[in-house]
Amino acid sequence: MRLHNRLALRILAASSLLGLLGTLGTSYLATFMGVDVALLRSTRFATALILSSHREECQAAPGWRFQGPEGIEVEAFDAALVGAGVPGGRPEPRLVARVMEGAEEATLIYLPFLHPDPRWGGASVRRLAPSGPCSLLEFRWPPMHERVTVGRWLLGVALLFTTVAAALSTFAVVQPLLERLRRLHRAARALGAPDYRSATDGLGDELGEVSQALDATHARVQRDAARIESQKHALERHLADVAHDLKTPIASLQLSLELASTQPAQGHPELLRQGLEDTVYLTSLVDNLHLACQMGEGVDPLAGDARVELGQTVERVVRRFRQLARGRQLTVECSRPDEALWARCNPTMMEQALGNLLHNAITHGEEGGHVVAVLEAAGPRRFRLTVLDDGPGLPPEELACLGERGFRSRQSRRRAPRGSGLGVSIVRELCRCVGFSLEFSSNLPRGLRVVIEGPQS
Numbered sequence: 001m002r003l004h005n006r007l008a009l010r011i012l013a014a015s016s017l018l019g020l021l022g023t024l025g026t027s028y029l030a031t032f033m034g035v036d037v038a039l040l041r042s043t044r045f046a047t048a049l050i051l052s053s054h055r056e057e058c059q060a061a062p063g064w065r066f067q068g069p070e071g072i073e074v075e076a077f078d079a080a081l082v083g084a085g086v087p088g089g090r091p092e093p094r095l096v097a098r099v100m101e102g103a104e105e106a107t108l109i110y111l112p113f114l115h116p117d118p119r120w121g122g123a124s125v126r127r128l129a130p131s132g133p134c135s136l137l138e139f140r141w142p143p144m145h146e147r148v149t150v151g152r153w154l155l156g157v158a159l160l161f162t163t164v165a166a167a168l169s170t171f172a173v174v175q176p177l178l179e180r181l182r183r184l185h186r187a188a189r190a191l192g193a194p195d196y197r198s199a200t201d202g203l204g205d206e207l208g209e210v211s212q213a214l215d216a217t218h219a220r221v222q223r224d225a226a227r228i229e230s231q232k233h234a235l236e237r238h239l240a241d242v243a244h245d246l247k248t249p250i251a252s253l254q255l256s257l258e259l260a261s262t263q264p265a266q267g268h269p270e271l272l273r274q275g276l277e278d279t280v281y282l283t284s285l286v287d288n289l290h291l292a293c294q295m296g297e298g299v300d301p302l303a304g305d306a307r308v309e310l311g312q313t314v315e316r317v318v319r320r321f322r323q324l325a326r327g328r329q330l331t332v333e334c335s336r337p338d339e340a341l342w343a344r345c346n347p348t349m350m351e352q353a354l355g356n357l358l359h360n361a362i363t364h365g366e367e368g369g370h371v372v373a374v375l376e377a378a379g380p381r382r383f384r385l386t387v388l389d390d391g392p393g394l395p396p397e398e399l400a401c402l403g404e405r406g407f408r409s410r411q412s413r414r415r416a417p418r419g420s421g422l423g424v425s426i427v428r429e430l431c432r433c434v435g436f437s438l439e440f441s442s443n444l445p446r447g448l449r450v451v452i453e454g455p456q457s
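Positions 1 to 457 (the UniProt record's numbering) are the ones given, in order, by the sequence shown.
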């Protein structure tokens, strides 16, 4: 059974039941209480009328009985001789008990089909004196069939009206509620889709809160979808850059090894130099890819209170790149203070970042050039690491773009087709994460100057 039918039936049943109870209560108040008041006045009037014309007969003959118009019957009793009586007997025991307790008059309406004697519709007992043949009068009257018939008709009309009103109220209450539920259903089905339409109607009830929750969820799904789409495109570009970066050095390394295998061991050092350069480049590329993945996944370079001794790191990186620089007829030197300089950073990440700067300086340097890494203290509890080269450098308009993912200058693309700018972008991202400053400037009269500065730990 659908929600519409269930709600309609429940509201209809509840409305009908409440209407029936209200009708019965109103009928009771209007019929029985009204009749009780009317009978009280009638019996007083009838008592005065009967006693004014039949007082002597009533007092002379115990058990005197009078038959009035429309079946009303009056019977006299001695109040001193009337006991508890028998239920259904004369006079009515329940009324006698109330009178004996001090009430001047007591009335009882018999419900149809529930009284043992169907001839009577009710009884009233009135006490006139403490004792005597005419000290207690009982009035009885037959059922008022016309009143019962009218009451039944009124009850039927009331029930019919209640049913119709319940049906109309059901439609008036359920229909707007169902329309709001339909809008919520449509909004839930279109969640995250371009054709999503909010079901918010400005009402601050529970359904309005559900609608607001759907709107918030839709916005979050849209943001997540946009982020995933952006990550997808970034991954596609990254894979394309990696494929491009790997293709050239692998082919060059393969060619160098093939030529070296067909030539005497002595006599072709340029083949070995080219193979060494390609191997260093591939190693650096793989390390950079691994580091980029770590930082992309949110690995904190400061996790675990990581610290690095900068002097030893500079010496180690310079030693590693001297053979590569020698093959290109370049010199790589370093300068460091005698005392240790410590900084907050993951040692492996810091070494890779410094290696990226030296590798770029060597790769883009010219024959006979120089590359220098200088580590020094820069004020109280601070360090400065500078990488200098005397290569071709960069024009001022391109210096500001260094470190952006995918950026390569025009000169570097001409000198070295491979590469995607990943190494320098990793340096910039690492400095940002650990709170170091990074500055690129021209090394006059020529070349590039890179400065990393930060606090000591």
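Here a beta-carbon is modelled for each residue, glycine too, at the ideal position from N, C-alpha and C. If you're wondering where the values come from, they're calculated on a predicted model, not measured in any experiment.
- Item | Limits of the unbroken alpha helix (DSSP H) element including residue 426 | Taking the first residue of the sequence shown as 1, we reach residue 426 at position 426. DSSP places residue 426 inside the alpha helix (DSSP H), whose first and last residues are 422-434.
- Task: Decide if residue 141 is buried, meaning its Cβ has at least 16 other Cβ atoms within 10 Å, or exposed.
- Result: The residue you call residue 141 lines up with position 141 of the sequence shown. It counts as buried.
- Item | 8 Å CB neighbourhood of residue 356 in its chain, flanking five on each side removed | Residue numbering aside, residue 356 sits at position 356 when the sequence shown is read from its first letter. The answer, listed in chain order, is 284, 288, 423, 424, 426, 427.
- Which ranges does the alpha helix (DSSP H) cover as unbroken runs of at least 4 residues, wholly within the stretch 264-320, from first to last along the chain? As far as the stretch 264-320 is concerned, its whole alpha helix (DSSP H) runs of at least 4 residues are 269-296.
- Query: Based on the DSSP secondary-structure assignment, which residues constitute the bridge partners of residue 455?
  - Reply: Residue mapping note: residue 455 aligns to position 455 of the sequence shown, counting from 1. In the DSSP output, where bridge partners are listed per residue, residue 455 has 382.
- Item | Proximity to residue 180 [Cα-Cα], best of 201, 446, 192 | Within the sequence shown, numbered from 1, the residue matching residue 180 stands at position 180. Looking at the Cα atoms, 201 is the closest of the given residues.
- Of the listed residues 209, 197, 229, nearest to residue 218 (C-alpha basis): Residue numbering aside, residue 218 sits at position 218 when the sequence shown is read from its first letter. In this structure, 197 is the residue among 209, 197, 229 with its C-alpha nearest to the C-alpha of residue 218.
- When you compare only the Cα positions, how much space is there between residue 316 and residue 429? Sequence index remark: in the sequence shown, residue 316 carries index 316 (1-based). Sequence index remark: in the sequence shown, residue 429 carries index 429 (1-based). Those two C-alpha atoms are separated by around 22 Å.
- Task: In angstroms with no decimal places, state the Cα-to-Cα distance between residue 192 and residue 232.
- Result: Within the sequence shown, residue 192 is the residue found at index 192, counting from 1. Within the sequence shown, residue 232 is the residue found at index 232, counting from 1. When rounded, the separation of the alpha-carbon atoms in residue 192 and residue 232 is 18 Å.
- Task: Quick one: give me the first and last residue of the beta strand (DSSP E) that residue 344 is part of.
- Result: Indexing the sequence shown from 1 puts residue 344 at position 344. Start and end: 342-344.
- Query: Does DSSP classify residue 413 as helix, strand or coil?
  - Reply: As a first step, residue 413 is located in the sequence shown; it is residue number 413 there, counting from the start. Annotation note: pLDDT 46 at residue 413 (below 50); position unreliable, no value reported.
- Task: Quick one: measure Cβ to Cβ for residue 387 and residue 358, integer angstroms, because I've assumed they're closer than 8 Å.
- Result: The count along the sequence shown starts at 1 and reaches residue 387 at position 387. The count along the sequence shown starts at 1 and reaches residue 358 at position 358. The beta carbons of residue 387 and residue 358 sit about 7 Å from each other, so the pair counts as a contact at 8 Å.
- Query: If you check the beta carbons only, do residue 472 and residue 436 fall under 7 Å apart?
  - Reply: The question about residue 472 has no answer, for the chain in this structure spans 1 to 457.
- Task: Mind checking which residues open and close the beta strand (DSSP E) that includes residue 125?
- Result: Stepping through the sequence shown from its first residue, residue 125 is reached at position 125. Secondary structure note for residue 125: its beta strand (DSSP E) is the uninterrupted segment 122-127.
- Task: Would you mind sorting residue 256 into buried or exposed? The rule is 16 or more other CB atoms within 10 Å of its CB.
- Result: Against the sequence shown, residue 256 aligns to sequence position 256. Buried, since its Cβ has 16 or more Cβ neighbours within 10 Å.
- Query: What three-state label does DSSP hand residue 326 in the structure shown?
  - Reply: To locate residue 326, count along the sequence shown from 1; it is residue 326. Per DSSP, reduced to three states, the secondary structure at residue 326 is helical.
- Task: Mind checking which residues open and close the alpha helix (DSSP H) that includes residue 98?
- Result: The residue labelled residue 98 in the question sits at position 98 within the sequence shown. Residue 98 -> alpha helix (DSSP H) spans 93-100.
- Task: Identify whether residue 215 lies in helix, strand or coil by the three-state DSSP scheme.
- Result: Indexing the sequence shown from 1 puts residue 215 at position 215. Of the three classes helix, strand and coil, the one that applies to residue 215 here is helix, per DSSP.
- For the alpha helix (DSSP H) containing residue 106, list its first residue and its last residue. Counting from one through the sequence shown, the residue named residue 106 turns up at place 106. Premise fails: residue 106 lies in the beta strand (DSSP E), 105-109, not in any alpha helix (DSSP H).
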